[in-house]
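One gets our numbering by counting positions in the sequence shown from 1 and adding 9 to each.
By construction, the Cβ of each residue, glycine as well, lies at the ideal position given by its N, Cα and C atoms.
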Amino acid sequence: PREQQPLTEKLQSAAVGESADRGLLSVDTKRIILTLPRGCMASAFHTLCSLQLHSSQTRVSPCALQISQAVSPKLFSFSLINRSNPRKLNLFTKSSMAEVAAAGKSNPKVNVFDSEEDLSVSLAKYTAELSEKFAKERGAFTVVLSGGSLIKSLRKLAESPYLEKVDWGKWHVFWVDERVVPKDHADSNYKLAYDGFLSKVPLPTGQVYAINDALSAEGAADDYETCLKHLVNNGVISLSTATGFPKFDLMLLGMGPDGHVASLFPGHPLVHENQKWVTYIKDSPKPPPERITFTFPVINSSAYIALVVCGSGKAPVVHTALGAGHKSDLLPVQMVSPEGVMAWFLDKDAASKI
Numbered sequence: 010p011r012e013q014q015p016l017t018e019k020l021q022s023a024a025v026g027e028s029a030d031r032g033l034l035s036v037d038t039k040r041i042i043l044t045l046p047r048g049c050m051a052s053a054f055h056t057l058c059s060l061q062l063h064s065s066q067t068r069v070s071p072c073a074l075q076i077s078q079a080v081s082p083k084l085f086s087f088s089l090i091n092r093s094n095p096r097k098l099n100l101f102t103k104s105s106m107a108e109v110a111a112a113g114k115s116n117p118k119v120n121v122f123d124s125e126e127d128l129s130v131s132l133a134k135y136t137a138e139l140s141e142k143f144a145k146e147r148g149a150f151t152v153v154l155s156g157g158s159l160i161k162s163l164r165k166l167a168e169s170p171y172l173e174k175v176d177w178g179k180w181h182v183f184w185v186d187e188r189v190v191p192k193d194h195a196d197s198n199y200k201l202a203y204d205g206f207l208s209k210v211p212l213p214t215g216q217v218y219a220i221n222d223a224l225s226a227e228g229a230a231d232d233y234e235t236c237l238k239h240l241v242n243n244g245v246i247s248l249s250t251a252t253g254f255p256k257f258d259l260m261l262l263g264m265g266p267d268g269h270v271a272s273l274f275p276g277h278p279l280v281h282e283n284q285k286w287v288t289y290i291k292d293s294p295k296p297p298p299e300r301i302t303f304t305f306p307v308i309n310s311s312a313y314i315a316l317v318v319c320g321s322g323k324a325p326v327v328h329t330a331l332g333a334g335h336k337s338d339l340l341p342v343q344m345v346s347p348e349g350v351m352a353w354f355l356d357k358d359a360a361s362k363i
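Here you go:
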């Protein structure tokens, strides 16, 4: 693209005279690839394109920097790929300025409760307080739901005092993932949320954004992304200035026993999707096989994330996810690292191994 050319020229100019042990730069009409040896990532970034690396994750193997398609006319997305372990950091440049929007900005708060009942009470209070905050600040509260046991944990919001206290007219409700089935199907996340929560609170029906269940998986994903972009343009959904992806006020996530979040499963290529807002999967390892899902850049652009986990069956994964060991795409929950605030809500069984 025309807007990309100055950066291309800058990188080409900066690379002149670089020795093979400092890095190799390859440029063509479609992409720029910077190959770096171990240990020189931060200095080479600074030398070649004045990037500031805001990340503690600097111990990487030889990697590549790729210019991807434009997110917007003046906002370009890059991927830093660790070849031995395909983990990505997102970088962006506006005009001549470049900055890193790397994962790991927030240290999550871990809340452990004696019972699922206590967890539900605390989650209701947390959600209600954020609802009040964003309703006052921006006149809307964008909430993203997931499926599974999370919906049960939201039940206290449909009871006093929150039923009367919350300004439900400001809520806009979305799904982080959905099964491509009819809305009245037993596997539908919409049906689960409607039966367990949405039908019990006075939400405007036009502010509940379910997928179009008449479309294919690919069509439903594209349609949902189009809906989100329309709401960004209308100011209902914020846009992250750091990443260029939609910034939801609160994302309520669950976690599977295998560590999956949304419909982003261990080792699946979709965990590395960094261009689309919404994508689709036709080979989910957990039935039903066809689903749509938010991508990690959207999840991690959230202002607040609450990750709700209950039960002893998930305790080993919670232990690994919160440990100090190597982060892996084989445990997708470890890739949840928002630019905003993250809080874990665990019952004592889920927290029994930490």
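Mind checking who residue i pairs with in its DSSP beta bridge?
{"i": "M264", "result": "Looking at the DSSP assignment, M264 forms no beta bridge with any residue, so it has no partner."}
{"i": "H181", "result": "T151"}
{"i": "M351", "result": "I314"}
{"i": "T288", "result": "T302"}
{"i": "D356", "result": "F122"}
{"i": "S247", "result": "K256"}
{"i": "V217", "result": "V182"}
Output needed for residue i: all residues of its chain with C-beta closer than 6 angstroms, excluding positions within five of it in sequence on either side, in chain order.
{"i": "M264", "result": "V270, V318, V342"}
{"i": "K209", "result": "A167"}
{"i": "D267", "result": "P275"}
{"i": "S59", "result": "The predicted model places S59 with a pLDDT of 36, which falls under 50 and marks its position as unreliable, so this point remains unresolved."}
{"i": "S249", "result": "K256, S310"}
{"i": "E282", "result": "T288, T304"}
{"i": "D196", "result": "R188, V190, P297"}
{"i": "D258", "result": "F143, F150, T151, A312"}
{"i": "G322", "result": "P266"}
{"i": "E299", "result": "V189, A226, K291"}
{"i": "M260", "result": "V153, S311, I314"}
Apart from the five residues on each side of it in sequence, which residues of its chain come closer than 8 angstroms, Cβ to Cβ, to residue i?
{"i": "G320", "result": "S158, D356, D358, A359"}
{"i": "V345", "result": "L262, V270, F305, I308, N309, I314, L316, M351"}
{"i": "K362", "result": "A324, P325, V327, H328"}
{"i": "S52", "result": "Caution applies to S52, whose pLDDT of 37 falls short of 50 and renders its modelled position unreliable; the model cannot decide the point."}
{"i": "L207", "result": "V182, V217"}
Looking at the structure shown, is residue i part of a helix, part of a strand, or coil, going by DSSP?
{"i": "A137", "result": "helix"}
{"i": "S293", "result": "coil"}
{"i": "F206", "result": "coil"}
{"i": "D37", "result": "Note that D37 has pLDDT 39, beneath the 50 cutoff, so the model's placement of it is unreliable and the number below is only indicative. Coil."}
{"i": "D186", "result": "strand"}
{"i": "S361", "result": "coil"}
{"i": "K336", "result": "coil"}
{"i": "P255", "result": "strand"}
{"i": "K118", "result": "strand"}
{"i": "F274", "result": "coil"}
{"i": "D232", "result": "helix"}
{"i": "D176", "result": "coil"}
{"i": "L128", "result": "helix"}
{"i": "S321", "result": "helix"}
{"i": "L240", "result": "helix"}
{"i": "V345", "result": "coil"}
Report the residue from the options whose alpha carbon sits nearest the alpha carbon of residue i.
{"i": "K291", "options": "G276, D196, V189", "result": "V189"}
{"i": "Y171", "options": "A133, F143, G244", "result": "A133"}
{"i": "L154", "options": "G205, E141, N242, K238", "result": "G205"}
{"i": "W180", "options": "V152, A226, Y203", "result": "V152"}
{"i": "E141", "options": "V175, W184, E234, W353", "result": "V175"}
{"i": "S169", "options": "G156, A137, G148, S197", "result": "A137"}
{"i": "Y233", "options": "D196, V119, P294, D186", "result": "D186"}
{"i": "K165", "options": "A149, K145, D127", "result": "D127"}
Output the distance between the C-alpha atoms of residue i and residue j, rounded to the nearest integer angstrom.
{"i": "T329", "j": "V182", "result": "31 angstroms"}
{"i": "I301", "j": "P117", "result": "27 angstroms"}
{"i": "S247", "j": "V287", "result": "16 angstroms"}
{"i": "V245", "j": "W177", "result": "15 angstroms"}
{"i": "A333", "j": "T214", "result": "44 angstroms"}
{"i": "L163", "j": "S129", "result": "6 angstroms"}
{"i": "F254", "j": "Q284", "result": "9 angstroms"}
{"i": "L279", "j": "F303", "result": "10 angstroms"}
{"i": "L339", "j": "E173", "result": "43 angstroms"}
{"i": "A312", "j": "A223", "result": "32 angstroms"}
{"i": "G228", "j": "S131", "result": "38 angstroms"}
{"i": "F143", "j": "V241", "result": "16 angstroms"}
{"i": "N198", "j": "H335", "result": "32 angstroms"}
{"i": "L331", "j": "S293", "result": "25 angstroms"}
{"i": "A373", "j": "G156", "result": "Nothing can be reported for residue 373, as the shown portion of the chain is limited to 10 through 363."}
{"i": "N243", "j": "P296", "result": "35 angstroms"}
{"i": "A219", "j": "R147", "result": "23 angstroms"}
{"i": "S225", "j": "C236", "result": "16 angstroms"}
{"i": "F54", "j": "L273", "result": "Residue confidence for F54 is low, a pLDDT of 39 falling below 50, so the modelled location carries little weight; the figure read from the coordinates is stated next. If you take the alpha carbons of F54 and L273, they lie about 30 angstroms apart."}
{"i": "D231", "j": "L139", "result": "29 angstroms"}
{"i": "H277", "j": "Y135", "result": "32 angstroms"}
Take residue i and list the residues in its own chain whose beta-carbon comes closer than 7 angstroms to its own, dropping the five residues that flank it on each side.
{"i": "K200", "result": "K192, D193, H194"}
{"i": "S124", "result": "D356"}
{"i": "K161", "result": "G205"}
{"i": "V121", "result": "L355, K357, A360"}
{"i": "F211", "result": "Strictly speaking, residue 211 in this sequence is Pro, with Phe absent from that position. Result list for P211: W177, in chain order."}
Please check if any C-beta of chain C sits within less than 8 angstroms of the C-beta of residue i.
{"i": "T136", "result": "The chain inventory of the structure shown lacks chain C, comprising one protein chain alone."}
Within 7 angstroms: the Cβ of residue i and any heavy atom of the ligand ATP?
{"i": "V307", "result": "No copy of the ligand ATP occurs in the structure displayed, which carries no ligand at all."}
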